[in-house]
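See structure below.
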Amino acid sequence: MRYELFLRREAGVDDELVAAARDKAGELVRVERFEGEGEAPSGLDLGVEVDARGASEALCEAAFALAEAHGLTVFDPQLGRTVSRDDGEAIGEQIARTNAFAAAGLASLDASPRVGSRAAAKGWLILAATIVGLIVVVRLLRCAAV
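Just so we're on the same page, the working numbering is the position in the sequence shown counted from 1, plus 3.
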């Protein structure tokens, strides 16, 4: 699961800025160009895998260094607002929460019964047949009542 920060500016981005962003980003941070439609500003999307060690620090360092050097605004869609270097701790906490939710979700998937098992397939088939049977009975009763 990825955590992203959006870097935007009205003037848009050129290939030189994209190359500078990729150089600055390092190995942990993924950089993608974003082309806004209509009046929406263009920019860069920077993202990290939430379970990567040092993800928060790498993402914040790359985003805010690029923003300061190239006049970009940094928006955090998880926090729902424009952010600055002062928000580094809040971003780190949100990345940790996102990682915890992702880990909890994966753990519950591992504990769930396998859908591919014969017993589960039989159960789903019986449930589907029961629902179809009930629909047929209801429709027959409606026709008989008319």
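Don't be surprised by glycine CBs; every beta carbon is placed ideally from N, CA and C.
| Check | Outcome |
| --- | --- |
| Between the CA atoms of L62 and R56 - distance to the nearest angstrom | 11 Å |
| Beta-carbon proximity of A65 to V32, cut-off 7 Å | yes |
| Cβ contact check for the region 38-56 and the region 10-18: 3 or more pairs under 8 Å | yes |
| Cut-off 8 Å between Cβ atoms - residues of its own chain near L82, not counting five sequence neighbours on either side | D90, A93, I94, Q97 |
| DSSP state of G29 mapped onto helix, strand, coil | coil |
| Complete runs of the beta strand (DSSP E) confined to the region 29-57 [at least 3 residues] | 33-37, 45-52 |
| V135 (DSSP reduced to helix, strand or coil) | helix |
| Under 7 Å between C-beta atoms of F67 and R36 | no |
| Residue ranges of each alpha helix (DSSP H) within the region 58-113, 4 or longer | 58-73 |
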